[in-house]
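So the structure is just underneath, and the comments pick up after that.
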């Protein structure tokens, strides 16, 4: 059964919900757009903690089908102020599909920088991330591999996102572990 995960970073709380097969069929870009409209993200300040950041995959994520493992990232753009969808390839979407995780919604703001770690078994951890601050994506990826092993997929932002740069994106790991697949339209990494 497919599920969704809502994460309140400020309260360090998570909420798992089941997702129907019909909802899974309308994944990816449709899912991000619909969730943002339902939550009226178009009324929110893009850089406020209440603005959701949505990661969604399609129904074939986690399989070997060509282009099925792309991740759609949706939010209100701090660059254009519109509802924005950015799309990236790599292993992050594949990992979400393997976990049968249709979409992940991040809201709130943690008082400290954290690594949101989701295990294959569905456990969620808020690990300290101070040692990653200020690092470029490749340096941060090396530290993530050192901490969690090589069998991980990740989404991360670099220093531009840390400083709320309006052109920042989100880097996804590729099959070789490099943070080289980017969802970078509209400044989604600043949210």
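Residue numbers (UniProt numbering): 1 to 191.
A virtual CB, placed ideally from N, CA and C, is assigned to each residue, including glycine.
Predicted model only: the values in this text are computed from it and were never measured.
For residue j and residue i, the rounded distance between their alpha carbons
{"i": "residue 126", "j": "residue 183", "result": "23 Å"}
{"i": "residue 40", "j": "residue 148", "result": "36 Å"}
{"i": "residue 172", "j": "residue 156", "result": "7 Å"}
{"i": "residue 50", "j": "residue 109", "result": "8 Å"}
{"i": "residue 46", "j": "residue 62", "result": "30 Å"}
{"i": "residue 140", "j": "residue 73", "result": "21 Å"}
{"i": "residue 31", "j": "residue 60", "result": "14 Å"}
{"i": "residue 8", "j": "residue 14", "result": "6 Å"}
{"i": "residue 37", "j": "residue 28", "result": "15 Å"}
{"i": "residue 75", "j": "residue 87", "result": "12 Å"}
Cβ neighbours of residue i in the same chain (closer than 8 Å, five flanking residues each side left out)
{"i": "residue 175", "result": "90, 91"}
{"i": "residue 130", "result": "112, 113"}
{"i": "residue 178", "result": "138, 141"}
Coarse secondary structure for residue i, derived from DSSP in three states
{"i": "residue 91", "result": "helix"}
{"i": "residue 32", "result": "helix"}
{"i": "residue 39", "result": "coil"}
{"i": "residue 154", "result": "coil"}
{"i": "residue 181", "result": "strand"}
{"i": "residue 84", "result": "strand"}
{"i": "residue 49", "result": "coil"}
{"i": "residue 123", "result": "coil"}
Run of the beta strand (DSSP E) containing residue i, from where it starts to where it stops
{"i": "residue 114", "result": "114-118"}
{"i": "residue 129", "result": "That residue, residue 129, is in no beta strand (DSSP E); it is neither H nor E in DSSP."}
{"i": "residue 109", "result": "First-last for residue 109: undefined, no H or E at that position."}
Cβ-based neighbour list, residue i, same chain, cut-off 6 Å, excluding 5 preceding and 5 following
{"i": "residue 95", "result": "153"}
{"i": "residue 105", "result": "6, 52, 54"}
For residue i, the first and last residue of its enclosing alpha helix (DSSP H)
{"i": "residue 144", "result": "137-148"}
{"i": "residue 21", "result": "21-25"}
{"i": "residue 160", "result": "159-162"}
Nonlocal neighbours in the same chain, by C-beta distance under 7 Å from residue i, ignoring five residues either side
{"i": "residue 190", "result": "47, 78, 161, 164, 165, 166, 168"}
{"i": "residue 10", "result": "49, 108, 109, 110"}
According to DSSP, residues forming a beta bridge with residue i
{"i": "residue 63", "result": "Its beta-bridge partners do not exist; DSSP assigns none."}
{"i": "residue 2", "result": "BP columns for residue 2 are empty, so no partner."}
Heavy atom of the ligand PLP within 7 Å of residue i beta-carbon
{"i": "residue 54", "result": "Here there are no bound small molecules, and the ligand PLP is not part of this structure."}
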